[in-house]
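Chemist: Quick one: structure below, then a few questions.
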Amino acid sequence: MRSSFSSHHIPLRLEQSPKTQPERLQYAKWLGHTNSLLMVFNNDLYLRQSPLFENDTRLTFTGKPDVIYNGIPDWLYQEDVLKNPEALWSSNDTTHILYATFNDSEVGLLNFPWFSTIPVLAGKSTHRTSFPSYRTVRYPTPGSSNPKVELYVLDITNITDLQRYIVTPPQALIGQSKNSSPHHRKTLIMIQCDTFLIC
Numbered sequence: 002m003r004s005s006f007s008s009h010h011i012p013l014r015l016e017q018s019p020k021t022q023p024e025r026l027q028y029a030k031w032l033g034h035t036n037s038l039l040m041v042f043n044n045d046l047y048l049r050q051s052p053l054f055e056n057d058t059r060l061t062f063t064g065k066p067d068v069i070y071n072g073i074p075d076w077l078y079q080e081d082v083l084k085n086p087e088a089l090w091s092s093n094d095t096t097h098i099l100y101a102t103f104n105d106s107e108v109g110l111l112n113f114p115w116f117s118t119i120p121v122l123a124g125k126s127t128h129r130t131s132f133p134s135y136r137t138v139r140y141p142t143p144g145s146s147n148p149k150v151e152l153y154v155l156d157i158t159n160i161t162d163l164q165r166y167i168v169t170p171p172q173a174l175i176g177q178s179k180n181s182s183p184h185h186r187k188t189l190i191m192i193q194c195d196t197f198l199i200c
């Protein structure tokens, strides 16, 4: 039995400021061995430079729930390719971040039943419903469009002037026939700010 990764994280402080409202994050991890925290919220990537800080720096602006993902994989890549809830890596010196963007806008929708344990509210009944509701997921079928994936390197040396670079495929893979096998990469390891290994 396999299940998709679906977790929520809430950054905590021992003394909550009245200015801050805890948000449910899709993913969170430490930036290397620093005090900085990388977070994904509403499919966009954020950086908190210290757990004590109240303000976060937004690193991406294209996230769209269920359509465009930054730093985390969509359902297909999480289940069948990366098999991991993250799609972001940092350089050893933590000055650069490599992250993937997944665009599912051309991927077809699949309806599936959703069995809930929430009590039926109509008539104030406490009985649980035996009829499922339906939800949708972007799910490519044979011959249909797959998610479009792009890799970016983000220079966070100067947090007020972020530099972003798109990573192009190796020349050997450019222009290959559509009939050739897809080159899905399962692991990306960032070694230096300008060097990374794709396995």
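Last residue of the sequence shown: 200 in my numbering, with the numbers rising by one and none dropped. Note that beta-carbon positions come from the ideal geometry of N, C-alpha and C, so glycine has one too. All values derive from a computational prediction rather than experimental measurement.
State the Cα-Cα distance for the pair Ile-167 and Pro-133, rounded to the nearest angstrom.
Modeler: 43 Å
Chemist: Using a 10 Å radius around the Cβ and a threshold of 16 neighbouring Cβ atoms, would you call Pro-148 buried or exposed?
Modeler: buried
Chemist: Examine the Cβ distances between the stretch 26-38 and the stretch 89-98 and report whether three or more of them are shorter than 8 Å.
Modeler: Taking 8 Å as the limit for Cβ pairs, the verdict is that the stretch 89-98 does touch the stretch 26-38.
Chemist: Please report the Cβ distance between Asp-105 and Arg-139, rounded to the nearest whole angstrom; I am assuming they are in contact, meaning their Cβ atoms lie under 8 Å.
Modeler: 4 Å
Chemist: Please name the residue or residues paired with Trp-31 in a DSSP beta bridge.
Modeler: Trp-31 is bridged to Leu-38.
Chemist: Determine the burial state of Ser-91: buried for a count of at least 16 other Cβ atoms within 10 Å of its Cβ, exposed for fewer.
Modeler: Buried is the call here.
Chemist: Mind checking Arg-59: buried by the 16 CB within 10 Å criterion, or exposed?
Modeler: exposed
Chemist: Return the chain-ordered list of same chain residues with a C-beta closer than 6 Å to the C-beta of Gln-50, the five sequence neighbours on each side being excluded.
Modeler: Ser-37
Chemist: Let me know the secondary structure DSSP gives Asp-81 once reduced to three states.
Modeler: helix
Chemist: Specify, as a first and last residue, the run of the beta strand (DSSP E) that Ile-69 falls within.
Modeler: 69-71
Chemist: Counting only the same chain and skipping the five closest in sequence on each side, list residues whose C-beta sits under 6 Å from that of Ser-145.
Modeler: Excluding sequence neighbours, Ser-145 sits near Gly-109.
Chemist: Does DSSP put Gln-164 in a helix, a strand or coil?
Modeler: strand
Chemist: Taking only three categories from DSSP, how would you classify Tyr-47?
Modeler: In this structure, Tyr-47 counts as strand in the three-state DSSP scheme.
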